[in-house]
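**Student:**
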Amino acid sequence: MTFGTGDFSFMRRMHEPCTHVVVPADHSIIVGVFDGFSWIRCDGKGSFRNSPMMKAYAEERISAGERRLVVDLGACNGMDSTFMGTLAGMASKLTAAGDGRLQIASADERNRQSLEDLGLDFLMEIDPPAADWQSRLEVIRGELKSIGSATATNPQASGIHVLEAHRKLSALNEKNEQAFSAVVSMLEKETGNDAKSPETGRQAQS
Numbered sequence: 097m098t099f100g101t102g103d104f105s106f107m108r109r110m111h112e113p114c115t116h117v118v119v120p121a122d123h124s125i126i127v128g129v130f131d132g133f134s135w136i137r138c139d140g141k142g143s144f145r146n147s148p149m150m151k152a153y154a155e156e157r158i159s160a161g162e163r164r165l166v167v168d169l170g171a172c173n174g175m176d177s178t179f180m181g182t183l184a185g186m187a188s189k190l191t192a193a194g195d196g197r198l199q200i201a202s203a204d205e206r207n208r209q210s211l212e213d214l215g216l217d218f219l220m221e222i223d224p225p226a227a228d229w230q231s232r233l234e235v236i237r238g239e240l241k242s243i244g245s246a247t248a249t250n251p252q253a254s255g256i257h258v259l260e261a262h263r264k265l266s267a268l269n270e271k272n273e274q275a276f277s278a279v280v281s282m283l284e285k286e287t288g289n290d291a292k293s294p295e296t297g298r299q300a301q302s
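FYI, the numbering for the sequence shown is 97 to 302, going by the numbering used here.
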């Protein structure tokens with residue numbers, strides 16, 4: 097697992113208003129809506145670069161009434177902690193919406209271990225064997241559409257996104273809180289965002 101701050105080059109450019117962060121073409125998110133669930137597939141690495149697209153789509157679907165999201169990691173060659181913190185936020189939003197759930201499809205050993213190391217297996221179902229989509233993977237993947245493989249984002253917005261993801265991870269357990277405390281403190285300073293969470297008493301969650 098790589099920590100989701102893996103590349104903080106955008107933080108050095110936060111005060112340059114004309115500078116943007118561009119998502120590489122191999123960090124694409126492709127999606128689809130099916131009967132009973134919405135599908136999100138990460139092609140390439142899951143990172144702070146493409147997780148804002150994933151988060152925006154997930155929030156759009158939840159707002160539309162979707163209560164089951166499936167994140168397909170079959171083509172994902174690794175995740176940083178910002179991506180995983182975004183997954184945690186999505187799972188929390190589904191739970192808060194009532195009877196919602198986040199499922200993970202086709203996690204290889206490395207990605208499964210990364211999720212378990214941070215305690216995310218308590219928030220989501222990883223490759224549930226009885227899921228109705230298990231026998232339809234290839235059909236589902238053949239019907240997905242891209243929501244973009246590259247996007248320009250403001251460095252300030254990127255910094256806040258990374259901060260929110262790490263706050264979410266830190267709120268899960270004491271181990272994460274200790275592991276990411278320096279990251280959270282740095283990002284709070286860089287973004288000027290140090291609000292406390294009304295729900296946990298820890299840092300604000302997304």
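No residue lacks a Cβ here, since even glycine has one placed at the ideal position from N, Cα and C.
Only a predicted model underlies this, so the values are computations on that prediction, with no experimental measurement involved.
1. Classify D290 as buried or exposed, calling it buried when 16 or more other Cβ atoms lie within 10 Å of its own Cβ.
2. Going straight from the alpha carbon of K285 to that of F276, what length do you get?
3. Tell me whether A275 sits in a helix, a strand or coil according to DSSP, three-state version.
4. Judging by CA-CA distance, which residue of V235, S242 and M180 is the nearest neighbour of M220?
5. E239 to G128, Cα distance in whole Å?
6. Look at the Cβ atom of I158, then the Cβ atom of I243, and state whether they are nearer than 8 Å.
7. A192: buried (16+ other C-beta within 10 angstroms of its C-beta) or exposed?
8. Closer than 7 Å by C-beta to G194: which residues in its own chain qualify, once you throw out the five before and the five after it? Chain order, please.
9. By a C-beta neighbour count over all protein chains shown, 10 Å radius and 16 as the cutoff for buried, is K189 buried or exposed?
10. Below 7 Å CB to CB, which residues in the same chain sit around F130 once its five sequence neighbours on both sides are set aside?
11. Expressed to the nearest angstrom, what Euclidean distance is found between the alpha-carbon atoms of V118 and E270?
12. Assign D217 to one of three DSSP states: helix, strand, or coil.
13. Hey, could you find the ends of the alpha helix (DSSP H) R232 is sitting in?
14. Give the single residue among F133, Q209 and E212 whose Cα lies nearest to the Cα of A160.
15. Please report the residue range of the alpha helix (DSSP H) in which L190 lies.
16. For the stretch 222-231 against the stretch 248-257, are there 3 or more C-beta pairs whose distance is under 8 Å?
**Tutor:** Put simply:
1. Here residue 290 corresponds to residue number 194 of the sequence shown, with the count starting at 1. By the 10 Å Cβ count, D290 comes out exposed.
2. Looking up residue 285 in the sequence shown gives position 189. Looking up residue 276 in the sequence shown gives position 180. Rounded to the nearest angstrom, the two C-alpha atoms are 14 Å apart.
3. By 1-based counting over the sequence shown, the position of residue 275 is 179. Reduced to three states, the DSSP call for A275 is helix.
4. Walking along the sequence shown from the start, residue 220 turns up at place 124. Among V235, S242 and M180, the Cα nearest to that of M220 is on M180.
5. As a first step, residue 239 must be located in the sequence shown, where it is residue number 143. As a first step, residue 128 must be located in the sequence shown, where it is residue number 32. Those two C-alpha atoms are separated by around 7 Å.
6. One-based indexing of the sequence shown puts residue 158 at position 62. One-based indexing of the sequence shown puts residue 243 at position 147. Against a cut-off of 8 Å, the Cβ pair of I243 and I158 comes out as no contact.
7. Position 96 of the sequence shown, counting from 1, holds the residue named residue 192. Flag for A192 reads exposed.
8. Reading the sequence shown from its first residue, position 98 is the one you call residue 194. Excluding residues within five positions, none has a Cβ falling inside 7 Å.
9. Within the sequence shown, the letter at position 93 stands for residue 189. Buried, because 16 or more other Cβ atoms sit within 10 Å of the Cβ of K189.
10. By one-based count along the sequence shown, residue 130 stands at place 34. The residues are I236.
11. To locate residue 118, count along the sequence shown from 1; it is residue 22. To locate residue 270, count along the sequence shown from 1; it is residue 174. No answer about V118 holds up, because its pLDDT of 45 lies below 50 and its placement is not dependable.
12. In the sequence shown, the residue the question calls residue 217 occupies position 121. Looking at D217 - three-state DSSP - the assignment turns out to be helix.
13. By one-based count along the sequence shown, residue 232 stands at place 136. From DSSP, R232 is part of no alpha helix (DSSP H); its letter is neither H nor E.
14. What you label residue 160 is simply residue 64 of the sequence shown in a count that begins at 1. Selected option, being the one with the closest Cα: F133.
15. As a working mapping, residue 190 is identified with position 94 in the sequence shown. Start and end: S177 to A193.
16. no
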